[in-house]
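Just below is one structure, and these are the notes that go with it.
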Amino acid sequence: MEKTKYQKIADEIKAKIDTGVYKQNEAIPPELQLQKDYAVSRHTVRQAIGLLVNEGYLRKEKGSGTYVDQTYKTTPTLKETKTIGVITTYLSDYIFPTIIRGIESSLRNQGYSLLLASTNNDYQQEKECLEKMIENGVQGLIIEPTKSNQYNPNLALYVRLREQKIPMVMINAAYEEMDAASIRVDDVKAGYIATETLINNQHKKIILVTKIDDLQGKYRMKGFIQACEEANIRFSSEDIITYTTETRKQAFDSVLKRLKTVPSISGIVCYNDQIASFLMDKLSEEGYRVPNDLSIIGNDNSLLSKIGKIKLTTLEYPKEEMGIDAANWIVKTIAEGKNEPDIVYAPQLIERDSVIRHH
395 MEKTKYQKIA DEIKAKIDTG VYKQNEAIPP ELQLQKDYAV SRHTVRQAIG
445 LLVNEGYLRK EKGSGTYVDQ TYKTTPTLKE TKTIGVITTY LSDYIFPTII
495 RGIESSLRNQ GYSLLLASTN NDYQQEKECL EKMIENGVQG LIIEPTKSNQ
545 YNPNLALYVR LREQKIPMVM INAAYEEMDA ASIRVDDVKA GYIATETLIN
595 NQHKKIILVT KIDDLQGKYR MKGFIQACEE ANIRFSSEDI ITYTTETRKQ
645 AFDSVLKRLK TVPSISGIVC YNDQIASFLM DKLSEEGYRV PNDLSIIGND
695 NSLLSKIGKI KLTTLEYPKE EMGIDAANWI VKTIAEGKNE PDIVYAPQLI
745 ERDSVIRHH
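Here my numbering is used: the first residue of the sequence shown is 395, the next is one more, and so on.
Structure follows, in C-alpha cells:
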C-alpha cells in the first residue's frame, strides 16, 4: 500500500529526530512552517504530528508548541497514553452522563483514557470533533451520530478514519450510508411496545410525537405504525407529529392543534422522556389532566421520568451497560484487529402513573 502524504511527512520528521536535526525537548517548526516546507494543508501536517505524538516521538504542550520527546525509546509498558475518543451529541443532557460513566469506568480499568467531545447535534461541530480526534491520535472512537436521519457532509472524514484503521463503533444509531458497527436499542421495538401499551389500555385514538432528524425517531415511528396496523387502529398523517433538534419547542403547538381538532385523542406516544415531560407540563397549563384526559408514554427511563407530579410510564434501556459494552467492544476490536458483532438491546416497559385504562 502506498504511504499517505502525512505518513511520508511523519517519516521525514522521525528521520530528523533520529539523526539529531531536531533535538530532545526542542520545539519542532510550527505548523505553518511545516505546511510551507512540505507544501501540504494544515490538516495533513496535523495528521502527521498526531501520528508522531501517538508513537511517542513528539509531545504537544498547550499554548507553546510541539516538542521532541523520547518516550518512544522507553519500554512500551511506560508508554500507556492509550486514548479512546468519545463523541456524543449532547453532554450535560439527560441520559449521556450515565452512558459516559459506563464507558469511562470500563476504559480506566483497561488502561485507556477518554477524550470527550460533543457535537450538539451539529455537523460543523462534528467535523471539528473528528479532526480533534485525528489530531490527538486516538486508538479508537465511540460515536453517537449527529442527525443520523439526514445526509451527513462528514462522511468523507469517517471514511478517512477507516482508512487509518481506527476502529469505531456507533452508539444509539448508525449512519445508514456507512455500514458502521453499532450498539443500540431496538428502536422499532421501543415504538411498538409504547404504542401497544396504550392500545392494551383501550386507547383507540393515539398520536405519535417523534424527532425526525435522528434515526431513532424514524425507527420508533416504524414501531408505532406496526402496532397500530396489527391492532387495526387507523391513524391519519396528522397523527404523526414530527420535530427536529431545532424545533422541539414548537412541537407543542402542533400537538395542541391536533388535540383541539380531534377531541377523541386519548393517548400520546412520545419520542423520549424529554419531549414527554415537556408536553405534560405544557398540557397541564392548558387544563389537560394526565393521565385522566390523556395518557402519555415516554422512552429512555431517564431522571425526567421520575421527577414531577406525575411519574412517567416509559421504556428502559441499559444506559450504563451500553457505555461498558461500547468500551469493551472498542478495546477488544483494537486488540484483535477485527470488528466485534453489533449489540442490540431489547427495551423494557416501566409502568408508572402517566398511562391509565381508557373508558
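The C-beta atom is built at its ideal place from N, Cα and C for all residues, glycine as well.
Between the segment 482–492 and the segment 458–465 there are fewer than three inter-stretch CB-CB distances shorter than 8 Å, so the stretches are not counted as touching.
Secondary-structure assignment with DSSP links Tyr506 through a beta bridge to Lys476. Bounds of the alpha helix (DSSP H) holding Gly717 are 713–730.
A residue is called buried when at least 16 other Cβ atoms come within 10 angstroms of its Cβ; Lys651 does not meet this threshold and is exposed. Within the segment 636–719, the complete alpha helix (DSSP H) segments at least 4 residues long are 645–655, 667–679, listed from N- to C-terminus. Looking at Asp412, Leu446, Asp747, Gly717, the one whose alpha-carbon comes closest to that of Val579 is Gly717. Comparing alpha carbon positions, the residue from Tyr552, Val649, Ser512, Lys583 closest to Tyr569 is Tyr552. Ala567 has its alpha-carbon roughly 20 Å from the corresponding atom of Leu509.
When the five nearest sequence neighbours on each side are left out, the beta carbons in the same chain lying within less than 6 Å of the beta carbon of Leu609 are those of Ser542, Asn543, Ala567, in order along the chain.
Residue state for Ser748 is assigned as coil, using DSSP reduced to three classes. C-alpha of Ile560 to C-alpha of Ile750: approximately 49 Å in a straight line. When C-alpha distances from Leu677 are compared across Tyr665, Asn695, Ile704, Leu697, the shortest belongs to Ile704. Within the same chain, Asp667, Gly692, Leu706, Thr708 come within 6 Å of Ser699 by CB-CB distance, once the 5 residues on both sides are set aside.
Going by C-alpha positions, Ala621 is about 12 Å away from Lys598.
With contacts defined as CB atoms closer than 9 Å, Ser671 and Leu592 fail to qualify as a contacting pair. Runs of the alpha helix (DSSP H) lying entirely within the segment 531–604, each at least 4 residues long, are 549–557, 581–594 in chain order.
For the pair Ser630 and Gln533, the Cα-to-Cα distance works out to about 49 Å.
By the Cβ criterion, the segment 435–447 is not in contact with the segment 477–487, since fewer than three pairs of Cβ atoms, one from each stretch, lie closer than 8 Å. By the C-beta density criterion, Asn503 is exposed, having fewer than 16 other C-beta atoms within 10 angstroms. The C-beta distance from Asn448 to Gly531 rounds to 3 Å, short enough to fall under 8 Å. Taking C-beta atoms under 8 Å as the contact rule, Gly496 and Glu715 qualify, at a distance of about 6 Å.
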